[in-house]
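Presented below is the structure to which this report refers.
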Amino acid sequence: MMRRLLTALCLLACCAVPLSADEATSVENPVYARWKNHPVGTEVRYRQHTQAQGVDERRLMVYRLTEKTADQLTVEIRTRQEEAAESDETVQVQTAKRLFRLPPGVTAEQFGKPAGRKAEGQEELEILGRRLQASWTLSEVRVEAGVTEIRTWISDQIPGGLVRSVSTTPAVRSKTTMELLELRESALREAEKP
1417 MMRRLLTALC LLACCAVPLS ADEATSVENP VYARWKNHPV GTEVRYRQHT
1467 QAQGVDERRL MVYRLTEKTA DQLTVEIRTR QEEAAESDET VQVQTAKRLF
1517 RLPPGVTAEQ FGKPAGRKAE GQEELEILGR RLQASWTLSE VRVEAGVTEI
1567 RTWISDQIPG GLVRSVSTTP AVRSKTTMEL LELRESALRE AEKP
């Protein structure tokens, strides 16, 4: 449950892109916006490290763009224990439509920003041997186990946007860190070059 919440919060941490005036009640889905400029087959690999009440768990997560059209895209998410075989992976499929209808009372500026936002800023990071411009957000949310503080770094230079996230829940002595390990652009990207 906590992993799904963290994944959802990380994916929604990116900003929405407003559309034309005649589509004022819709925005571009942040998930779609962060993958649309990458070819099908692109993969982003992460390590998720959770420490909670004596438990120390490391998981590998691979996000892979499997389908893309002008109206929607599909990302496959494969997860497994770091030491486990690939045959032990769990697979989830996330479909993101390009347009997302705003809920009543929510503006385009508010949509896609994390709840409980306390601070935000810009930072240059060195990740995977390259310099990235990232926006970071510090937010605080109340979950079943108590207050959780989430610090997230997002970059338009990374498919899906997520560079790193750290969430801590002091009441249960829990800390989860998700870090970018590898980016694999599809071979189609090479074929697109002149």
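Under the numbering used here, the first residue of the sequence shown carries the number 1417, and numbering increases by one thereafter.
Glycine included, C-beta positions come from ideal geometry on N, C-alpha and C.
The model shown is predicted, which means the values in this text are computed figures rather than measured ones.
Quick one: Cα of T1458 to Cα of E1560, how far?
35 Å
For the segment 1430 to 1490, list the beta strand (DSSP E) runs that are entirely contained and at least 3 residues long, ordered along the chain.
1442 to 1444, 1459 to 1468, 1471 to 1484
Go ahead and pull the three-state DSSP assignment for V1582.
strand
Which partner residues does R1496 have in the DSSP bridge list?
L1476
Closest to I1493 by CA distance: which of N1445, A1501, Y1462, G1537 is it?
Y1462
Residues that DSSP places opposite V1507 in a beta bridge
R1494
From this set, G1521, F1516, Y1479, which residue's C-alpha is nearest D1487's C-alpha?
F1516
What would DSSP say about A1531, mapped onto helix, strand or coil?
coil
Does the segment 1572 to 1585 touch the segment 1447 to 1456, meaning 3 or more C-beta pairs lie closer than 8 Å?
yes
Got a sec, what are the start and stop residues for the beta strand (DSSP E) I1566 sits in?
1562 to 1570
So who's on the other strand from V1515, going by DSSP bridges?
According to the sequence as given, residue 1515 is Leu; it is not Val. DSSP, once it has assigned bridges, lists E1444 as partnering L1515.
Label R1480 either buried or exposed according to how many other C-beta atoms from any shown protein chain fall within 10 Å of its C-beta, with 16 as the threshold for buried.
buried
For Q1464 and T1592, believed in contact at Cβ under 8 Å, the rounded distance:
6 Å
Rounded to the nearest angstrom, what separates P1520 and E1498 at their Cα positions?
42 Å
Would the beta-carbon of E1536 fall within 9 Å of that of S1551?
yes
Straight-line Cα distance separating S1581 from L1422
Bear in mind that the predicted position of L1422 carries a pLDDT of just 45, short of 50, making it too unreliable to give a figure here.
Let me confirm a value: L1596 is counted as buried when at least 16 other C-beta atoms fall within 10 Å, else exposed. Which label applies?
buried
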